[in-house]
Every structure is written in structure tokens, then in C-alpha cells.
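A.B. asks: Numbering (this note's numbering), first residue to last: 50 to 195.
(1) Inspect the CB distances between the region 85-98 and the region 163-181 and report whether three or more fall short of 8 Å.
(2) If you draw a straight line from the alpha carbon of residue 68 to that of residue 149, how long is it in whole angstroms?
(3) Does the Cβ of residue 156 have 16 or more other Cβ atoms within 10 Å, making it buried, or fewer, making it exposed?
(4) In whole angstroms, give me the CA-to-CA distance for residue 193 and residue 126.
(5) Do residue 179 and residue 165 have their C-beta atoms within less than 8 Å of each other?
(6) Give a yes or no on whether the C-beta atoms belonging to residue 190 and residue 78 are separated by under 8 Å.
(7) For residue 163 versus residue 71, is the C-beta distance shorter than 8 Å?
(8) Among 153, 119, 122, whose alpha-carbon lies nearest the alpha-carbon of residue 73?
(9) Figure out for me which residue from 86, 110, 135 has the closest Cα to the Cα of residue 159.
(10) Keeping to the same chain, check which residues put their C-beta closer than 6 Å to that of residue 176; ignore five residues upstream and five downstream.
(11) Are the CB atoms of residue 110 and residue 128 within a distance shorter than 8 Å?
(12) Shortest alpha-carbon distance to residue 96 belongs to which of 88, 87, 137, 124?
(13) Keeping to the same chain, check which residues put their C-beta closer than 8 Å to that of residue 147; ignore five residues upstream and five downstream.
(14) Tell me the rounded alpha-carbon separation between residue 80 and residue 86.
(15) Along the chain, where does the alpha helix (DSSP H) containing residue 170 start, and where does it finish?
Here's what the structure looks like:
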């Protein structure tokens with residue numbers, strides 16, 4: 050085994066630190082939560098909750114990447130959730146659970162990676178508690194280190 054492979058293997062087992070960046074791994078979420086579509090529909094704003102029929106399954110739409118102008122296929126529910134509902138002022142309730150608040154934060158910021166300190170400042174929680182929770186053996190709502 051080469052030194053690089055050993056190093057890569059060791060780093061995959063290293064424990065996240067305060068500076069470790071986290072995000073929602075949507076691929077993991079979709080593979081590990083058969084009802085992910087129904088779960089995400091619970092985060093829709095009141096206006097869009099009535100609009101979605103989760104029994105129809107995934108509805109793909111064309112979406113334009115604002116940075117590149119590229120047209121991509123995306124899940125309609127995910128698109129509306131992240132581009133409208135998650136932008137509402139009350140989307141992250143001040144008294145929500147830690148994992149729910151972090152999940153909502155990533156939805157509201159377009160899933161831009163953040164470390165425990167940055168997350169803590171936004172949701173007003175201890176970075177140490179955030180790190181301990183997110184780096185434990187359980188993966189909450191697909192929130193994983195990069």
C-alpha cells in the first residue's frame with residue numbers, strides 16, 4: 050500500500066474538529082431514508098405544503114444554476130424548499146432541536162459547507178456540542194463532514 054493510500058485511509062478515520070466543514074449529503078439521505086421526499090415536504094412553508102402531493106413521487110424540473118447559467122434537472126420539491134421556503138424569516142425556529150436547526154440552516158444557505166463554530170454562531174449553540182453531535186456514530190438527516 051502506498052504512503053498516499055495509507056494517509057487517505059487514516060484521514061477517513063480521523064475525528065472531525067471544530068474547523069471541519071459539514072453539509073447535507075443529499076445522496077446519502079436519499080439512499081438511507083426511503084421516505085426522504087415525505088420528510089422534506091414537512092419543511093415546506095404553508096403556501097407550498099398544499100401545492101405538493103407527496104404520493105406522486107419525485108417530479109423533476111429544469112433549474113438554472115445562477116452562477117454558471119447551466120440548466121440542470123432537479124427535484125421540484127427540493128428546488129422550492131431551498132429557493133423559497135428555507136428563505137423565510139421563521140424557517141429556523143429559535144427553540145428547535147440541534148439537529149433540526151442545523152438541517153434547516155443548511156437548507157436555508159443552499160447547503161454551503163460550514164464548520165461547528167460558524168453553525169454555532171448562527172443557531173446560537175455551543176460549537177463543542179454541535180461537533181460532538183455531528184461527529185458521533187449516528188448520521189442525522191444526512192449531515193456529514195466533507
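Ideal Cβ placement from N, Cα and C applies to all residues, glycine included. Every value quoted in this text rests on a predicted model; they were computed, and no experiment measured them.
C.D. replies: Taking the coordinates as given:
(1) no
(2) 21 Å
(3) buried
(4) 22 Å
(5) yes
(6) yes
(7) yes
(8) 153
(9) 135
(10) 67, 165, 166, 169
(11) yes
(12) 137
(13) 172, 174, 178, 179, 182
(14) 12 Å
(15) 165-172
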